[in-house]
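Chemist: Residue numbers (the numbering used here): 1 to 141.
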């Protein structure tokens, strides 16, 4: 268990983190809602939101500090329905730069090798803990 924990911590996790950073920094013109959620304006990430199928960049707007707009609306989401309750109209959104389009249907992507190895090691450790606990319980009985 210690060996698998060391492998996951020092080998797989850095590769997994590097893979995720590469995906976030990759500029695409079409994003799914799941990919859009990565651009939430936190920890230095860009603040993107979708409105009527288009993705807008609110990173430079002072009203979207840290990925939130007046602590009610959050970057990384589709805000089409939210505008009905906003005190302003579409014209404020149209002033922001468009960075892409929102893809309506998410296609299932296969997980990377690092991600599959990470889950395998995590479940292996979980199973080993339960087996060891079960064996100790049988000995004590």
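We put the CB at the ideal spot given by N, CA and C, even for glycine.
Predicted, not measured: the structure shown is a model, and the values here were computed from it.
Once DSSP output is grouped into helix, strand and coil, what is the label at residue 53?
Modeler: The answer is coil: DSSP assigns residue 53 none of H, G, I, E or B.
Chemist: What would DSSP say about residue 79, mapped onto helix, strand or coil?
Modeler: Note: residue 79 maps to coil in three-state DSSP.
Chemist: Among 77, 118 and 111, which has the Cα closest to the Cα of residue 56?
Modeler: Among 77, 118 and 111, the Cα nearest to that of residue 56 belongs to 77.
Chemist: The alpha helix (DSSP H) that contains residue 128, what's its start and end?
Modeler: From DSSP, the alpha helix (DSSP H) with residue 128 extends over 113 to 140.
Chemist: Can you name, in chain order, every residue of its own chain whose Cβ lies under 8 Å from the Cβ of residue 122, other than the five neighbours on each side?
Modeler: 8.
Chemist: Just verifying my parser: in three-state terms, what is the DSSP assignment at residue 31?
Modeler: Strand, per DSSP.
Chemist: Would you mind sorting residue 133 into buried or exposed? The rule is 16 or more other CB atoms within 10 Å of its CB.
Modeler: Exposed.
Chemist: Answer yes or no: do residue 46 and residue 61 have a C-beta to C-beta separation smaller than 8 Å?
Modeler: Going by C-beta atoms, residue 46 is not nearer than 8 Å to residue 61.
Chemist: From residue 34 to residue 49, what distance separates their C-alpha atoms?
Modeler: If I take the Cα positions, the gap works out to 12 Å.
Chemist: Would you mind reading off the limits of the beta strand (DSSP E) that contains residue 98?
Modeler: Where residue 98 is concerned, the enclosing beta strand (DSSP E) stretches over 98 to 102.
Chemist: Going by beta-carbon coordinates alone, are residue 15 and residue 110 separated by less than 8 Å?
Modeler: No.
Chemist: Got a sec, what are the start and stop residues for the alpha helix (DSSP H) residue 2 sits in?
Modeler: Per DSSP, residue 2 belongs to the alpha helix (DSSP H) from 2 to 7.
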